[in-house]
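In the numbering used here, the protein residues as written are 1 to 523. Every residue gets a Cβ at the ideal spot worked out from N, C-alpha and C, and that includes glycine. To start, the structure itself, in structure tokens.
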């Protein structure tokens with residue numbers, strides 16, 4: 001199987017499982033809301049859960065990111081034993097370090113709660129502290145699960161690692177309905193820990209299958225361990241800088257009209273959906289391949305693979321962003337305008353979504369571009385560029401806040417993302433010469449044309465159907481949005497084939513597989 005088809009196949013697997021995980025995550029939130037409501041109790045649970053989650057976002061994710069290219073470097077040289085020694089040390093360090101952090105957290109829990117949620121009253125703060133103590137062990141198992149995912153991905157195993165998130169969600173759902181009913185919020189907290197335990201342990205059979213045998217090992221002198229520790233710092237800093245985006249928005253929006261923060265939050269959640277569903281799937285699928293190519297010094301194949309991944313992302317993200325922009329108001333109205341969510345809130349959120357949509361293609365491309373640097377064990381360049389991006393974001397936020405209010409914050413975020421894309425592309429082209437060629441320019445022009453045809457179609461169908469479907473209420477709105485999206489996607493696919501874009505072969509490949517499975521299931 002060719003590299004392109006292998007990456008596309010892995011992308012499809014991860015994308016489908018990610019979609020399942022998103023659905024289960026939504027069900028999880030509904031079940032928790034059903035069992036505990038929007039109360040001080042759930043506030044305490046969220047605060048307690050966010051404490052280990054924050055550590056994960058900064059440290060554990062960074063560790064998993066840098067282990068893959070270092071592991072692949074040893075494997076590419078035929079030094080598989082050294083690769084396993086490295087991984088044993090990493091696993092041991094995760095267990096020891098995060099066990100110590102967990103124990104320290106038991107004693108520091110009251111201060112951690114006050115630091116992360118200073119506005120809680122005394123009673124809720126005490127509850128949040130107790131729940132924090134219950135859930136801190138998540139750190140150990142979250143860390144193991146994420147590192148296991150990285151190793152399995154490096155060995156071209158994608159299904160089981162992606163499925164582990166769904167297992168966590170299912171466990172939390174069942175725990176909320178069972179343990180939550182018997183022991184209240186404490187039962188839910190215990191069930192949450194169990195979910196992460198299962199997510200880690202379900203990957204062990206696959207780990208053994210690819211050759212991993214755990215042995216307690218701390219080899220500080222191992223060159224691979226030193227390299228991991230050298231690389232992990234910048235990635236963690238880069239992740240922290242990513243969080244500053246959100247902090248800037250929240251601080252500046254807090255001085256605007258009531259509901260501005262919520263409007264930005266809801267719009268941002270929608271923008272993250274295509275990134276989580278498809279873009280991260282591509283990033284997960286192609287990362288092990290490019291780390292291996294980089295380790296083998298195959299620059300030409302590396303350039304082709306990175307460009308192929310970027311093309312796939314742009315072909316998905318540019319139409320998705322423009323589609324969300326064109327249909328921002330009906331989408332927000334359909335998803336949120338119920339109960340206390342007023343037409344004014346819809347208008348505010350749709351404005352934020354429209355401006356966020358401009359930068360979707362940049363956010364999506366940055367996932368791939370950043371990992372291309374990491375694959376070559378360059379973790380510092382993306383961090384330096386992210387620092388510049390944060391400064392750009394702040395400057396444009398202050399400039400646009402007055403005339404566009406919260407919409408200016410969303411637009412500033414998009415501008416900064418696109419500038420970051422330009423900088424990452426410029427410096428990556430220096431590291432991988434010849435990555436961009438005339439075919440890339442042709443592809444961009446074709447994608448823009450196909451996207452424009454899609455946007456005009458979606459806008460037209462939405463405008464035509466809005467009038468006569470309005471009396472049907474929510475059902476009519478759902479049909480209106482669905483028809484606009486469906487017509488737009490159909491025109492996009494027709495344009496891809498008409499323009500004879502390379503990616504048309506992938507559409508044919510997976511459409512054929514889908515129809516074949518559909519026929520076999522009927523038979």
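To the nearest angstrom, how far is it from the Cα of residue i to the Cα of residue j?
i, j, result
"residue 351", "residue 49", "31 Å"
"residue 77", "residue 213", "20 Å"
"residue 51", "residue 467", "48 Å"
"residue 278", "residue 123", "42 Å"
"residue 432", "residue 308", "14 Å"
"residue 17", "residue 402", "42 Å"
"residue 526", "residue 331", "The requested residue 526 does not occur in the structure, where the chain is confined to residues 1 to 523."
"residue 161", "residue 102", "24 Å"
"residue 521", "residue 134", "The predicted model places residue 521 with a pLDDT of 46, which falls under 50 and marks its position as unreliable, so this point remains unresolved."
"residue 478", "residue 417", "31 Å"
"residue 290", "residue 148", "19 Å"
"residue 252", "residue 27", "32 Å"
"residue 298", "residue 32", "50 Å"
"residue 376", "residue 19", "30 Å"
"residue 411", "residue 360", "11 Å"
"residue 553", "residue 487", "The first residue shown for the chain is 1 and the last is 523, placing residue 553 beyond what the model contains."
"residue 164", "residue 489", "31 Å"
"residue 383", "residue 294", "20 Å"
"residue 267", "residue 482", "19 Å"
"residue 380", "residue 62", "13 Å"
"residue 497", "residue 446", "11 Å"
"residue 178", "residue 184", "9 Å"
"residue 153", "residue 121", "44 Å"
"residue 415", "residue 181", "47 Å"
"residue 374", "residue 66", "7 Å"
"residue 82", "residue 208", "17 Å"
"residue 167", "residue 158", "15 Å"
"residue 219", "residue 110", "35 Å"
"residue 385", "residue 112", "31 Å"
"residue 125", "residue 44", "7 Å"
"residue 105", "residue 241", "24 Å"
"residue 448", "residue 140", "46 Å"
"residue 115", "residue 423", "35 Å"
"residue 444", "residue 310", "11 Å"
"residue 286", "residue 280", "10 Å"
"residue 265", "residue 365", "22 Å"
"residue 536", "residue 169", "With the chain represented from 1 up to 523, any question about residue 536 goes unanswered, as that position is not in the structure."
"residue 36", "residue 25", "16 Å"
"residue 93", "residue 428", "32 Å"
"residue 501", "residue 80", "40 Å"
Quick one: using the 10 Å Cβ neighbour count with 16 as the cut-off for buried, is residue i buried or exposed?
i, result
"residue 367", "buried"
"residue 216", "exposed"
"residue 344", "exposed"
"residue 456", "exposed"
"residue 357", "buried"
"residue 90", "buried"
"residue 363", "buried"
"residue 156", "exposed"
"residue 312", "buried"
"residue 503", "buried"
"residue 524", "Residue 524 lies beyond the range of the chain shown here (1 to 523); nothing can be said about it."
"residue 84", "buried"
"residue 333", "buried"
"residue 471", "exposed"
"residue 221", "exposed"
"residue 203", "buried"
"residue 525", "No statement about residue 525 is possible, as the shown extent of the chain runs from 1 to 523 and does not include it."
"residue 283", "buried"
"residue 211", "exposed"
"residue 96", "exposed"
"residue 434", "exposed"
Can you tell me the Cβ-Cβ gap for residue i and residue j, rounded? I've got them flagged as a contact below 8 Å.
i, j, result
"residue 354", "residue 328", "5 Å"
"residue 484", "residue 458", "5 Å"
"residue 200", "residue 144", "4 Å"
"residue 288", "residue 68", "6 Å"
Do the region 183 to 203 and the region 72 to 80 make contact, defined as three or more Cβ pairs closer than 8 Å?
Not touching, per the Cβ criterion.
Stretch-stretch touch, CB-based, cutoff 8 Å, three pairs: the region 389 to 397 with the region 445 to 454
Contact between the region 389 to 397 and the region 445 to 454 is absent: fewer than 3 CB-CB pairs across the two stretches fall below 8 Å.
Evaluate contact between the region 173 to 190 and the region 81 to 98, counting only Cβ atoms and requiring at least three cross-stretch pairs below 8 Å.
In short, these stretches do not touch, since the Cβ pair count stays below three.
Is it true that the region 177 to 191 meets the region 129 to 145, where meeting means three or more beta-carbon pairs spaced less than 8 Å apart?
With a cut-off of 8 Å, the region 129 to 145 and the region 177 to 191 count as touching, because enough Cβ pairs lie within range.
Using 8 Å as the Cβ pair cut-off and three pairs as the minimum, do the region 403 to 413 and the region 315 to 329 touch?
The region 403 to 413 is not in contact with the region 315 to 329.
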